[in-house]
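Note sheet for the following structure.
Protein chains: 2
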Amino acid sequence: MRVTALAGGVGAGKFLRGLVRAVPAEDVTVIVNTGDDIVLHGLHVSPDVDSVTYWLAGVADRERGWGMAGETFRAAEKLRELGAPGSWFNLGDLDLATHLFRTDLLALGMSLSEVTQRITERFGVRSLVLPMTDDPVTTRVQAVDESGSSLDLHFQEYWVQRGAQDEVQSIRYEGAEQAAPSRGVIPAIEEADVVVICPSNPVASIGPILAIPGVRAAVAERDERVVGVSPIVGGAPLRGMADKLLPVVGVDVDAAAVATYYDGLVHRWVIDRRDTDLLERTAELVPVAGVFDTVMDTDSRAEALARYVLDLH
Amino acid sequence: MRVTALAGGVGAGKFLRGLVRAVPAEDVTVIVNTGDDIVLHGLHVSPDVDSVTYWLAGVADRERGWGMAGETFRAAEKLRELGAPGSWFNLGDLDLATHLFRTDLLALGMSLSEVTQRITERFGVRSLVLPMTDDPVTTRVQAVDESGSSLDLHFQEYWVQRGAQDEVQSIRYEGAEQAAPSRGVIPAIEEADVVVICPSNPVASIGPILAIPGVRAAVAERDERVVGVSPIVGGAPLRGMADKLLPVVGVDVDAAAVATYYDGLVHRWVIDRRDTDLLERTAELVPVAGVFDTVMDTDSRAEALARYVLDLH
Chain P
145 MRVTALAGGV GAGKFLRGLV RAVPAEDVTV IVNTGDDIVL HGLHVSPDVD
195 SVTYWLAGVA DRERGWGMAG ETFRAAEKLR ELGAPGSWFN LGDLDLATHL
245 FRTDLLALGM SLSEVTQRIT ERFGVRSLVL PMTDDPVTTR VQAVDESGSS
295 LDLHFQEYWV QRGAQDEVQS IRYEGAEQAA PSRGVIPAIE EADVVVICPS
345 NPVASIGPIL AIPGVRAAVA ERDERVVGVS PIVGGAPLRG MADKLLPVVG
395 VDVDAAAVAT YYDGLVHRWV IDRRDTDLLE RTAELVPVAG VFDTVMDTDS
445 RAEALARYVL DLH
Chain F
145 MRVTALAGGV GAGKFLRGLV RAVPAEDVTV IVNTGDDIVL HGLHVSPDVD
195 SVTYWLAGVA DRERGWGMAG ETFRAAEKLR ELGAPGSWFN LGDLDLATHL
245 FRTDLLALGM SLSEVTQRIT ERFGVRSLVL PMTDDPVTTR VQAVDESGSS
295 LDLHFQEYWV QRGAQDEVQS IRYEGAEQAA PSRGVIPAIE EADVVVICPS
345 NPVASIGPIL AIPGVRAAVA ERDERVVGVS PIVGGAPLRG MADKLLPVVG
395 VDVDAAAVAT YYDGLVHRWV IDRRDTDLLE RTAELVPVAG VFDTVMDTDS
445 RAEALARYVL DLH
């Protein structure tokens, strides 16, 4: 069974750990958000691509959710001591190696996809990890700070640097209209037996992928093969700031309502057992509604969820 | 007493530790070689500028000679694991912060001198550290490998990557003729009471500085105010590969002969007490010859040497 997953960071990473236990890792293609990629200190940082890579490689830090297990932050601490402009972004020492390597290969003229293939290979990842595009796309947040001043922020500035403290007015995926899906993205959607929308932030992670010309239409065409897992559990995201971004796009922060963000795309939608009371409403919004334990504290739980998702009819 | 020093890496660093104990640190200006600067993984690395900064800041690793004390190499180890192209250059985690910071500031449009001022300030260095130029100058080594193939190597490739194993045919300072001394370099030489040529590699460290238009002439004009310390002790450099590079420019590897590299520049020349037998020959080559303990295992010894150097007449 060939599975193609649309993925952001942590939530997707945990789910993918389970997915590659449910089906052979080689049969999984992951299309990853690059809208929150950022150049810091001259280095090309791809947070979601790295998260997916680290999770699939089994080196992710489960507690922290991002970065590698056993990470240290010596360089980052020194950077803060020096007062470096980009030091608000906490780059781990091991993680830095990935960014340095990526920057090296990009400088040699390789595309982000080619670089990602090289990196995932070196990390022993057997699934195909595809950045959504090789073109520059940036998720930008239009917001107002507490003094009422308008801000136009890179997503990472909004989220990591300023801690999602500003009132968001709108979100845009700069460059998306001019971008092309990276090689393999459209075929991976077209040829999949199942297309999974991972439990990632719809606005910050999945939205940018769907905004790449051709992707939304390709997913829509797969119809009943498309299944999504709610990133909202008990009226809140498990991690992140989806609760602040969903209202901006007119979507309520609950496991059923969030399916409407994928209107015309998801055929089957899985909510957490804690939201069982929303099952009926969910069934009104999507053709097939399912309920399962979606929290994924362990790989076994993630595997059980993946099997449920793949079998749901 | 205002002292201006021409400096490379380790030997200069040790000497400068003593110099700023002999005179107020604020009265010292250090003009530093940037010929072995290199861009690695997108980061601007300035090995000699950093060495001088770390030594003056008191954070240098005395045993290793380069980098900071208490350094770790987590990112570098990971980079080698990944097989990154630039991983032969062993960047420490703390050291990386300096390179990331420098790259940040250069990207903001600051010159290398401005960046260096900012970095040295943050490290608490009270002396003025001036990169010899803000323009790109690269020391390149024309060599032949063991199979007889010609190589044209960046100095760091010759030295760090290939371990100085190739037979050197010539050395050139690419870009030097088109470069301008950085702001403050010429006045620092003109206004100094003493100009010191540190015990650094003449060909790899001091040569590039003297190759910047205007610098050699400015030093020559200071005449009897110019004093040098031999980097060669007992017929060999204490560290580095000066023994391989001096013959290429026609200079014998001994404490007296190396003064001839600075022909017409150094008025006083200090050799190590282990080379006392060369004192007579040294006196034939330079107007004033001195002999002292130049090895500088401790700051006190470096201070004693600095005082000797400043007082020599």
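Chains as they are written, first to last, in the working numbering: chain P, 145 to 457; chain F, 145 to 457. Even for Gly, the Cβ is constructed at its ideal location relative to N, Cα and C.
Would you call proline 357 of chain F buried or exposed, if buried means 16 or more other Cβ atoms sit within 10 Å of its Cβ? Here residue 357 of chain F corresponds to residue number 213 of the second sequence, with the count starting at 1. Exposed is the call here.
Length of the line joining the Cα atoms of phenylalanine 436 of chain P and arginine 418 of chain P: The residue you call residue 436 of chain P lines up with position 292 of the first sequence. The residue you call residue 418 of chain P lines up with position 274 of the first sequence. In a straight line, the C-alpha of phenylalanine 436 of chain P is about 9 Å away from that of arginine 418 of chain P.
Which residues of the segment 225–241 of chain F have a Cβ closer than 7 Å to any Cβ of chain P? Give them in chain order. Residues of the segment 225–241 of chain F with a C-beta less than 7 Å from any C-beta of chain P: Leu226, Gly227, Ala228, Pro229, Gly230, Asp237, Leu238, Leu240, Ala241, listed in chain order.
Between the Cα of aspartate 367 of chain P and the Cα atoms of P/Pro431, P/Pro352, P/Val312, which residue gives the shortest distance? Within the first sequence, the letter at position 223 stands for residue 367 of chain P. Considering only alpha carbons, the answer is P/Pro431.
What residue does the beta strand (DSSP E) around histidine 298 of chain P start on, and which one ends it? As a first step, residue 298 of chain P must be located in the first sequence, where it is residue number 154. Element bounds for histidine 298 of chain P: 294–298.
Going by the beta-carbon positions, is the gap between valine 193 of chain P and threonine 260 of chain P smaller than 7 Å? The residue labelled residue 193 of chain P in the question sits at position 49 within the first sequence. The residue labelled residue 260 of chain P in the question sits at position 116 within the first sequence. Yes, Cβ-Cβ distance for valine 193 of chain P and threonine 260 of chain P is below 7 Å.
Provide the residue(s) that pair with arginine 360 of chain F in DSSP beta bridges, ordered along the chain. Taking the first residue of the second sequence as position 1, residue 360 of chain F is located at position 216. Per DSSP, none; premise fails for arginine 360 of chain F.
Can you pull the chain P neighbours of leucine 223 of chain F, defined as C-beta to C-beta under 7 Å? Here residue 223 of chain F corresponds to residue number 79 of the second sequence, with the count starting at 1. What leucine 223 of chain F touches in chain P: Ala241, Leu244, Phe245.
Of all the options P/Leu235, P/Ile330, P/Arg146, P/Leu429, which has the alpha carbon lying nearest to the alpha carbon of valine 304 of chain P? Along the first sequence, read from residue 1 onward, the residue named residue 304 of chain P stands at position 160. Of the listed residues, the one whose Cα sits closest to valine 304 of chain P is P/Leu235.
Residues sharing a beta bridge with tryptophan 413 of chain F, DSSP: Sequence index remark: in the second sequence, residue 413 of chain F carries index 269 (1-based). Beta-bridge pairing links tryptophan 413 of chain F to F/Gly372, F/Ala433.
For glycine 186 of chain F, decide whether its Cβ has a neighbour in chain P, counting only Cβ atoms nearer than 7 Å. Counting from one through the second sequence, the residue named residue 186 of chain F turns up at place 42. Any Cβ of chain P closer than 7 Å to the Cβ of glycine 186 of chain F would place that residue at the interface, and such an atom is present.
Just curious, the beta strand (DSSP E) that valine 189 of chain P is in, first and last residue? Indexing the first sequence from 1 puts residue 189 of chain P at position 45. First-last of the beta strand (DSSP E) with valine 189 of chain P: 187–189.
Going by beta-carbon coordinates alone, are alanine 213 of chain F and leucine 240 of chain F separated by less than 7 Å? Counting from 1 along the second sequence, the entry for residue 213 of chain F is found at position 69. Counting from 1 along the second sequence, the entry for residue 240 of chain F is found at position 96. No. Outside cutoff.
What is the DSSP secondary structure of glutamine 261 of chain F, counted as helix, strand or coil? Sequence index remark: in the second sequence, residue 261 of chain F carries index 117 (1-based). Three-state DSSP puts glutamine 261 of chain F in a helix.
Mind checking glutamine 309 of chain F: buried by the 16 CB within 10 Å criterion, or exposed? One-based indexing of the second sequence puts residue 309 of chain F at position 165. Classification of glutamine 309 of chain F: exposed, given that the 10 Å Cβ count is below 16.
Would you mind giving the Cβ-Cβ distance between phenylalanine 159 of chain F and alanine 401 of chain F, rounded to the nearest angstrom? I have them listed as a contact below 8 Å. As a position in the second sequence, residue 159 of chain F is number 15, starting the count at 1. As a position in the second sequence, residue 401 of chain F is number 257, starting the count at 1. Between alanine 401 of chain F and phenylalanine 159 of chain F the Cβ distance is about 21 Å, and since that is not below 8 Å, they are no contact.
Starting from threonine 216 of chain F, find everything on chain P with Cβ-Cβ shorter than 9 Å and list it in chain order. To locate residue 216 of chain F, count along the second sequence from 1; it is residue 72. Annotation: Cβ neighbours of threonine 216 of chain F in chain P (cutoff 9 Å, chain order): Thr216, Arg218, Asp237.
Would you mind listing the alpha helix (DSSP H) stretches within the segment 293–337 of chain F that are 4+ residues and don't spill past its ends, in chain order? 329–334
Can you tell me which of F/Thr404, F/Asp416, F/Leu409 puts its alpha carbon nearest to the alpha carbon of glutamate 428 of chain F? Counting from one through the second sequence, the residue named residue 428 of chain F turns up at place 284. The candidate whose alpha carbon is nearest that of glutamate 428 of chain F is F/Thr404.
In three-state terms, what does DSSP make of proline 346 of chain F? The count along the second sequence starts at 1 and reaches residue 346 of chain F at position 202. Here proline 346 of chain F sits in helix by DSSP.
Beta carbons nearer than 9 Å to chain F: which residues of the segment 256–283 of chain P have them? Arg262, Ile263, Arg266, Phe267
List the residues of chain P that alanine 156 of chain F touches, going by C-beta distances under 8 Å, in chain order. Your numbering for residue 156 of chain F matches position 12 in the second sequence. Against alanine 156 of chain F, chain P offers no close residue; the least beta-carbon distance is about 23 Å (beta-carbon pairs closer than 8 Å).
Do serine 326 of chain F and leucine 250 of chain F have their CB atoms nearer than 7 Å? Here the question's residue 326 of chain F lines up with position 182 in the second sequence. Here the question's residue 250 of chain F lines up with position 106 in the second sequence. Not a contact, by the Cβ cut-off of 7 Å.
Coarse secondary structure for alanine 400 of chain P, derived from DSSP in three states: Start at 1 with the first residue of the first sequence, and residue 400 of chain P comes out as number 256. Note: alanine 400 of chain P maps to coil in three-state DSSP.
Please report whether the beta-carbon of leucine 248 of chain P lies at a distance below 7 Å from any beta-carbon of chain F. Taking the first sequence and counting its residues from 1, one reaches residue 248 of chain P at position 104. The displayed chain sequence assigns aspartate, not leucine, to residue 248 of chain P. Closer than 7 Å to the CB of aspartate 248 of chain P there is at least one CB belonging to chain F.
Can you tell me which of the three DSSP states proline 168 of chain F falls into? Taking the first residue of the second sequence as position 1, residue 168 of chain F is located at position 24. Coil at proline 168 of chain F, not helix or strand.
Member of P/Glu265, P/Asp279, P/Leu187, P/Leu295 whose CA lies at the smallest distance from the CA of glutamine 286 of chain P: Counting from one through the first sequence, the residue named residue 286 of chain P turns up at place 142. The candidate whose alpha carbon is nearest that of glutamine 286 of chain P is P/Leu295.
Mind checking which residues open and close the beta strand (DSSP E) that includes proline 275 of chain F? As a working note, residue 275 of chain F is residue 131 in the second sequence. For proline 275 of chain F, the enclosing beta strand (DSSP E) has its first and last residue at 272–275.
Might you give, ordered along the chain, the residues of its own chain that have their beta carbon closer than 7 Å to the beta carbon of aspartate 205 of chain F, omitting 5 neighbours on each side? For the purposes of this step, residue 205 of chain F is identified with residue 61 of the second sequence, where counting begins at 1. Gly211, Met212, Ala213, Glu215.
By how many angstroms is the C-alpha of isoleucine 263 of chain F removed from the C-alpha of serine 231 of chain P? Residue numbering aside, residue 231 of chain P sits at position 87 when the first sequence is read from its first letter. Residue numbering aside, residue 263 of chain F sits at position 119 when the second sequence is read from its first letter. The alpha-carbon atoms of serine 231 of chain P and isoleucine 263 of chain F are separated by roughly 15 Å.
Residue nearest to histidine 411 of chain P in terms of C-alpha spacing, selected from P/Asp441, P/Val312, P/Val373, P/Glu424: By 1-based counting over the first sequence, the position of residue 411 of chain P is 267. Residue P/Val373 is the option with its Cα nearest to histidine 411 of chain P.
Would you call the segment 330–340 of chain P and the segment 307–322 of chain P in contact, with 3 or more CB pairs under 8 Å? no
Between alanine 448 of chain P and arginine 208 of chain P, what straight-line distance do the alpha-carbon atoms span, to the nearest angstrom? For the purposes of this step, residue 448 of chain P is taken as the residue at position 304 of the first sequence. For the purposes of this step, residue 208 of chain P is taken as the residue at position 64 of the first sequence. Whole-angstrom Cα-Cα distance: 23 Å.
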